[in-house]
């Protein structure tokens, strides 16, 4: 997100392009329940019970509900969230994929980001 924000602030992408890229990223994010099923951490029955629990408690996220019901541990939820994050392409990659920035521009921004990170340390 930092690189995308820098690209926006420097006028290299528009607000609309940034928003569209965020939407693409959100659409590609698998629900944690789906990942739990794919990894065989939950059964279909358990996942359905978690969804039923959520329908009665709308402010409770899937992972929290699964923990409350005793189907997952906090560590398992953390692991599933990590998998969820890893499976979604970075916002920078999506910007390139959509043709909003070139790979060269992205490489330059990554270089600048690294320089800034080293300057802070």
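Numbering (the working numbering), first residue to last: 1379 to 1499.
Backbone N, C-alpha and C fix where the C-beta goes; we use that ideal spot for every residue, glycine too.
Quick caveat: nothing in here was measured; it's all calculated off a predicted structure.
| Item | Value |
| --- | --- |
| When the distance is taken between beta carbons, is residue 1414 closer than 7 Å to residue 1431? | no |
| Out of 1429, 1392 and 1470, which has the shortest C-alpha to C-alpha gap to residue 1447? | 1429 |
| When the Cα atoms are used, what is the spatial distance from residue 1394 to residue 1470? | 15 Å |
| Closer than 7 Å by C-beta to residue 1472: which residues in its own chain qualify, once you throw out the five before and the five after it? Chain order, please. | 1399, 1402 and 1403 |
| Report, in whole angstroms, the separation of the C-beta atoms of residue 1455 and residue 1441, which I expect to be a contact under 8 Å. | 4 Å |
| Assuming residue 1466 and residue 1406 form a contact by the criterion Cβ under 8 Å, report the distance between their Cβ atoms to the nearest whole angstrom. | 5 Å |
| Within the continuous alpha helix (DSSP H) that includes residue 1408, where are the two ends? | It is not in any alpha helix (DSSP H) - residue 1408 carries neither H nor E in the DSSP assignment. |
| If you run the structure through DSSP and keep just helix, strand and coil, what is residue 1390? | coil |
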